[in-house]
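Protein chains in written order, with our numbering: chain A, 282 to 514; chain B, 375 to 603. This report refers to the structure that appears directly beneath it.
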């Protein structure tokens, strides 16, 4: 390596390793834990551009340089190798949101909910329903609802059953869901996925200074974890 | 220029290298954190309220004008890295080539790696802090001093782009109130740890201390006024 520029070789390795990390995350679909799928196409482009950038440095790396500064780049290289070898599958940050936030709503779907006595929420429709039940609670009161969620917290006679929502990237993931009032919980615990069958009621919460939807449970059944845990609005 | 605030810091430091006066650069840097269609749209999307968008816009303008005036009136000595300001390009030696495309790619690679270390270190610090903030019981924060301290920590270390921090602010507004969330949205991109680290590309520590101090003091005044309203 005497006639090579080690500093540039480390830079090339770093660029290639970041590209490999991206390719690995994209091909294994683990990327969905970090960013919204709508950004996948840009990440593919980014990975290819990084490879082209690395290739552009090869001739420069063949020119000897006497003083090399590469320790921090080498450290970053090691970290990217570790990230690629041991990717996390569970998002680290989740914030709890039990209150309404804004979104576009699909009128036809919601009209179906309004006109039905029993509302079965598909996994992909959870967010639309959750927004709407907070916005138009009066249209849902005393109706039966069935949906799947994960137990985020158990406090007193209430379960906070939520789904993780990602708007842009892992940093903005928020766990959203309604409180479920139960009489018997069996052996259910935090982290379990459950199917909730219950009646939509309302209770006043001082923190929100208004009534919020509370699901009075009729049946709580443990289910297998949902494959695509995150919902992307 | 609808890009996120972390892309603005390198542009700002390059503007300084090209001898643009510091108050003007500060105006550009701070205003870009909100006067940006993506930021305004994401704020509306998160809160479903035009009022919140207007509040964010006005508060950002307030910060921008006050801090720019502050820099214009105070001493401008030792604010810019005098060594770096001697060069119009600081990405390093890119060698020689007959192909301009190859030189362009080499330049981009060097610049990317140069910025990467700041983003990398900032991201690491931010992740560690966020990990502990997550475990912190928010309801105990009833003391205004603690709430303000928490606001500054959140703004600096919940290292999220101005284009998406409205969604986190929406969550925080439920627990800590709207004034907290609004200030978080406005000062977050301004004192974000990775942006502060990126500033070392062209500015001195004196500049960074002055810049952060201005923002924290103005935020404190607005916070106190907000509490008394």
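Note that beta-carbon positions come from the ideal geometry of N, C-alpha and C, so glycine has one too.
| request: Compute the distance between the beta-carbons of residue 506 of chain A and residue 474 of chain A, then report whether it is under 8 angstroms. | output: Along the first chain, read from residue 1 onward, the residue named residue 506 of chain A stands at position 225. Along the first chain, read from residue 1 onward, the residue named residue 474 of chain A stands at position 193. Closer than 8 angstroms, so yes.
| Burial state of residue 363 of chain A, where buried means 16 or more other Cβ atoms lie within 10 Å | Walking along the first chain from the start, residue 363 of chain A turns up at place 82. With fewer than 16 other Cβ atoms within 10 Å, it is exposed.
| query | Counting contacts by CB-CB distance shorter than 8 angstroms, is residue 490 of chain B in contact with chain A? | reply | Position 116 of the second chain, counting from 1, holds the residue named residue 490 of chain B. It does; some Cβ of chain A falls within 8 angstroms.
| query | Is it true that the CB of residue 424 of chain A sits closer than 8 angstroms to the CB of residue 493 of chain A? | reply | In the first chain, residue 493 of chain A corresponds to position 212, counting from 1. In the first chain, residue 424 of chain A corresponds to position 143, counting from 1. Contact: no.
| message | Closer than 8 angstroms between beta carbons: that is the criterion. Which residues of the stretch 448 to 472 of chain A meet it against chain B? | response | 448, 449, 450, 452, 453 and 455
| message | Using C-beta distances below 7 angstroms, list every residue in its chain close to residue 504 of chain A, excluding the 5 sequence neighbours before and after it, in chain order. | response | Stepping through the first chain from its first residue, residue 504 of chain A is reached at position 223. 429, 474, 475 and 476, listed in sequence order.
| task | Grab the span of the alpha helix (DSSP H) containing residue 429 of chain B for me, first residue to last. | result | For this step, residue 429 of chain B is matched to residue 55 along the second chain. Its alpha helix (DSSP H) spans residues 424 to 447.
| request: Would you kindly report the start and end of the unbroken alpha helix (DSSP H) that includes residue 513 of chain A? | output: For the purposes of this step, residue 513 of chain A is taken as residue 232 along the first chain, with counting starting at 1. That residue, residue 513 of chain A, is in no alpha helix (DSSP H); it is neither H nor E in DSSP.
| message | According to DSSP, simplified to helix, strand and coil, what is residue 382 of chain A? | response | Taking the first chain and counting its residues from 1, the one referred to as residue 382 of chain A is at position 101. With a pLDDT of 43 at residue 382 of chain A, under the threshold of 50, the predicted position of this residue should be treated as unreliable, though the coordinate-derived value follows. Correct three-state label for residue 382 of chain A: coil.
| Start and end residues, alpha helix (DSSP H) containing residue 553 of chain B | What you label residue 553 of chain B is simply residue 179 of the second chain in a count that begins at 1. Run containing residue 553 of chain B: 552 to 565, per the alpha helix (DSSP H) assignment.
| message | Among the candidates B:492, B:414, B:565 and B:598, whose CA atom is the shortest distance from the CA of residue 526 of chain B? | response | Numbered from 1 along the second chain, position 152 holds the residue referred to as residue 526 of chain B. Considering only alpha carbons, the answer is B:565.
| field | Under 8 angstroms between C-beta atoms of residue 448 of chain A and residue 317 of chain A | value | Counting from 1 along the first chain, the entry for residue 448 of chain A is found at position 167. Counting from 1 along the first chain, the entry for residue 317 of chain A is found at position 36. It is a contact, given that the beta carbons lie within the stated cut-off.
| said: Check for me: the beta strand (DSSP E) holding residue 499 of chain A runs from which residue to which? | reply: The count along the first chain starts at 1 and reaches residue 499 of chain A at position 218. Taken as a continuous stretch (DSSP letters only), the beta strand (DSSP E) holding residue 499 of chain A covers 491 to 504.
| task | Please list, in chain order, all residues of the same chain as residue 382 of chain A whose beta carbon is under 6 angstroms from its beta carbon, the five residues on each side excluded. | result | Residue mapping note: residue 382 of chain A aligns to position 101 of the first chain, counting from 1. Model confidence at residue 382 of chain A stands at a pLDDT of 43, short of 50, so the residue's coordinates are unreliable and nothing is read from them.
| request: With residue 442 of chain A as the anchor, note down where its beta strand (DSSP E) starts and where it stops. | output: For the purposes of this step, residue 442 of chain A is taken as residue 161 along the first chain, with counting starting at 1. Taken as a continuous stretch (DSSP letters only), the beta strand (DSSP E) holding residue 442 of chain A covers 439 to 446.
| Between A:408, A:308, A:320 and A:350, which lies nearest to residue 365 of chain A when the distance is taken from Cα to Cα? | Translated into positions along the first chain, residue 365 of chain A becomes position 84. That would be A:308, whose Cα lies nearest to the Cα of residue 365 of chain A.
| Pick from A:352, A:454 and A:460: whose alpha carbon is nearest that of residue 479 of chain A? | Taking the first chain and counting its residues from 1, one reaches residue 479 of chain A at position 198. Checked all of A:352, A:454 and A:460; the closest Cα to residue 479 of chain A is A:460.
| Does the Cβ of residue 590 of chain B have 16 or more other Cβ atoms within 10 Å, making it buried, or fewer, making it exposed? | Counting from 1 along the second chain, the entry for residue 590 of chain B is found at position 216. The residue is buried, with at least 16 neighbouring Cβ atoms inside 10 Å.
| Could one say the Cβ of residue 476 of chain B lies closer than 8 angstroms to chain A's Cβ atoms, at least one of them? | Taking the first residue of the second chain as position 1, residue 476 of chain B is located at position 102. For residue 476 of chain B, the answer is yes, since a Cβ of chain A falls inside 8 angstroms of its Cβ.
| request: Would you check if the distance between the CB atom of residue 462 of chain A and the CB atom of residue 497 of chain A is smaller than 8 angstroms? | output: Locating residue 462 of chain A in the first chain gives position 181, where the first residue counts as 1. Locating residue 497 of chain A in the first chain gives position 216, where the first residue counts as 1. Their beta carbons are under 8 angstroms apart, which means residue 462 of chain A touches residue 497 of chain A by this criterion.
| query | Which residues in chain A sit within 7 angstroms of residue 479 of chain B, going by Cβ to Cβ distance? | reply | Numbered from its first residue, the second chain carries residue 479 of chain B at position 105. Residues of chain A passing the Cβ test: 333, 334 and 337.
| task | List the residues that DSSP assigns as beta-bridge partners of residue 472 of chain A. | result | The residue given as residue 472 of chain A occupies position 191 in the first chain. None, per the DSSP bridge assignment.
| said: If the criterion is Cβ atoms closer than 8 angstroms, does the pair residue 592 of chain B and residue 468 of chain B meet it? | reply: On the second chain, residue 592 of chain B is found 218 positions in, with the first residue counted as 1. On the second chain, residue 468 of chain B is found 94 positions in, with the first residue counted as 1. For residue 592 of chain B and residue 468 of chain B, no; Cβs fall outside 8 angstroms.
| Anyone know if the C-beta pair for residue 437 of chain B and residue 404 of chain B falls short of 8 angstroms? | As a working mapping, residue 437 of chain B is identified with position 63 in the second chain. As a working mapping, residue 404 of chain B is identified with position 30 in the second chain. The answer is yes: Cβ separation under 8 angstroms.
| Do you know how far the Cα of residue 406 of chain B is from the Cα of residue 428 of chain B? | As a position in the second chain, residue 428 of chain B is number 54, starting the count at 1. As a position in the second chain, residue 406 of chain B is number 32, starting the count at 1. Spanning the two alpha carbons is a distance of roughly 15 angstroms.
| query | Shortest alpha-carbon distance to residue 407 of chain A belongs to which of A:300, A:391 and A:398? | reply | Within the first chain, residue 407 of chain A is the residue found at index 126, counting from 1. If we check each option's Cα against that of residue 407 of chain A, A:391 comes out closest.
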